[in-house]
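Numbering (the working numbering), first residue to last: 18 to 397.
Each residue gets a CB set at the ideal place from its N, CA and C atoms; glycine is no exception.
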Ligand SMILES: NC(=O)c1ccc[n+]([C@@H]2O[C@H](COP(=O)([O-])OP(=O)(O)OC[C@H]3O[C@@H](n4cnc5c(N)ncnc54)[C@H](O)[C@@H]3O)[C@@H](O)[C@H]2O)c1
């Protein structure tokens, strides 16, 4: 099966590393010339299959069966719409759309074209979160009454992605609750099988605000022990550098130094142009009388998700890879450092291609992900 990839960045690389046998990338669409060149080399795509402009790609209408859309969020709907109108199945990164009208137009177009759109909501495929669902489905807490869920984004991801990075401004990528917590909302609605009736939300940007006393760049800072130091993160620990492109003839070390000196990722977190919230509380009433309380925490120094599910027969707590419920105590910490979201990216990719190969809908289908997006739009 020939496929195309639109947006050959960080996420596309993950999916391309786990394509099932028989699936071949024959086209790449990527405006960044270095990324296009390097991806073409890595995946053996001939120059005739390489496009720097999506319009040229759609006009050429190559004979592909499916596309992976891993371009920036605001392009998801137009690129997917054009793809389904060509009769191609789509594996689409989250969030699907920034508003309900766009989501519905894609849903309608995919129905009319008779193609499937799978959404990259990998919590549904993650062994730890699947286990939580399995236990709930087995009746571990009886009937669910209330859920308290916190996502600690973690200092590295918060600084890299939501303060310095490409998801730091609402006008570019939409609100943080949509870009980060659509995973959580989807998992919780999938877990309960319920839909939101009403949503109340309160968010704030309190920590990562401009401070005129802060230096512009971490390399010029004399403060020690800052948990958000770009120098520590990139130069000393060598982490979160996957998205740094290394041109032929250069080195990652040189690219990091350049970034620290003049790139967006060298900026002090108290001197960026970010405007997305760093904390947010969302209270939702779901059908079936369930109350859902979600907290997005971008300022704590811990990372990870914590979920407490209260039911008629007891409580399940899932925190820091430990699942505790009546008569159950399970340690899933062996998954913590496993790549590809502990294999969930692979399972998601395999499910998508198995689904379109057999004519069924993918597990994380466009239809099934709508309510989670709705909850996020209502939260703002
Ligand atoms: N599922 C997850 O866990 C997860 C995690 C991170 C990001 N994401 C989502 O994945 C998507 C991609 O994120 P990323 O981290 O790979 O970002 P990225 O910036 O590394 O990759 C996006 C790529 O799209 C390219 N692009 C820009 N305009 C384009 C256009 N008009 N046509 C084609 N390509 C274009 C960019 O040049 C870039 O190479 C985003 O929507 C993001 O929200 C999902």
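Option in 371, 124, 100 with minimal Cα separation from residue 73:
Numbered from its first residue, the chain shown carries residue 73 at position 56. Comparing Cα positions, the closest option is 100.
Enumerate in chain order the residues of its own chain whose CB-to-CB distance from residue 184 is below 6 Å, with the five nearest sequence positions on each side excluded.
Mapped onto the chain shown, residue 184 falls at position 167. Only residues of its own chain outside the window of five on either side were considered, and among them 178, 190, 196 have a CB closer than 6 Å to the CB of residue 184, listed in chain order.
Could you tell me which uninterrupted beta strand (DSSP E) segments, each at least 3 residues in length, are contained entirely in the region 319 to 343, listed from first to last along the chain?
320 to 328, 331 to 336, 339 to 342
Suppose you measure from the CA of residue 346 to the CA of residue 158; what does that come to, to the nearest Å?
For the purposes of this step, residue 346 is identified with residue 329 of the chain shown, where counting begins at 1. For the purposes of this step, residue 158 is identified with residue 141 of the chain shown, where counting begins at 1. Using only the alpha carbons, I get a separation of about 14 Å.
Quick one: is residue 155 buried, meaning 16 or more other Cβ sit within 10 Å of its Cβ, or exposed?
Indexing the chain shown from 1 puts residue 155 at position 138. Flag for residue 155 reads exposed.
Let me check understanding here. Comparing Cα to Cα, which of 349, 297, 337 lies closest to residue 216?
Mapped onto the chain shown, residue 216 falls at position 199. The candidate whose alpha carbon is nearest that of residue 216 is 297.
Would a C-beta distance cut-off of 8 Å place residue 269 and residue 252 closer than the cut-off?
As a working mapping, residue 269 is identified with position 252 in the chain shown. As a working mapping, residue 252 is identified with position 235 in the chain shown. No, they are not a contact pair.
Pull up the distance between the alpha-carbon of residue 205 and that of residue 49, whole angstroms please.
As a first step, residue 205 is located in the chain shown; it is residue number 188 there, counting from the start. As a first step, residue 49 is located in the chain shown; it is residue number 32 there, counting from the start. Taking the straight line joining both Cα atoms gives about 36 Å.
On the DSSP letters alone, give me the boundaries of the alpha helix (DSSP H) that residue 97 sits inside.
Here residue 97 is taken as the residue at index 80 of the chain shown, counted from 1. From DSSP, the alpha helix (DSSP H) with residue 97 extends over 93 to 102.
Quick one: any contact between the region 35 to 50 and the region 62 to 70, if contact means 3 or more CB pairs under 8 Å?
yes
Shorter than 7 Å, the distance from the beta carbon of residue 28 to the closest heavy atom of ligand 1, or not?
Within the chain shown, numbered from 1, the residue matching residue 28 stands at position 11. Yes.
Determine the burial state of residue 246: buried for a count of at least 16 other Cβ atoms within 10 Å of its Cβ, exposed for fewer.
Residue 246 sits at position 229 when you count from the first residue of the chain shown. So residue 246 ends up on the buried side.
Classification of residue 203 by the beta-carbon crowding that lies within 10 angstroms, buried from 16 upward:
Locating residue 203 in the chain shown gives position 186, where the first residue counts as 1. Result: buried.
Looking at the structure shown, is residue 7 part of a helix, part of a strand, or coil, going by DSSP?
In this structure the chain extends from 18 to 397, so residue 7 is not present and cannot be described.
Suppose contacts are defined by Cβ-Cβ distances below 8 Å. Is residue 390 in contact with residue 162 by that definition?
In the chain shown, counting from the first residue as 1, residue 390 sits at position 373. In the chain shown, counting from the first residue as 1, residue 162 sits at position 145. No, these two residues do not count as a Cβ contact at 8 Å.
For ligand 1, is there any heavy atom lying closer than 7 Å to the beta carbon of residue 386?
Against the chain shown, residue 386 aligns to sequence position 369. Residue 386: no, Cβ never under 7 Å from ligand 1.
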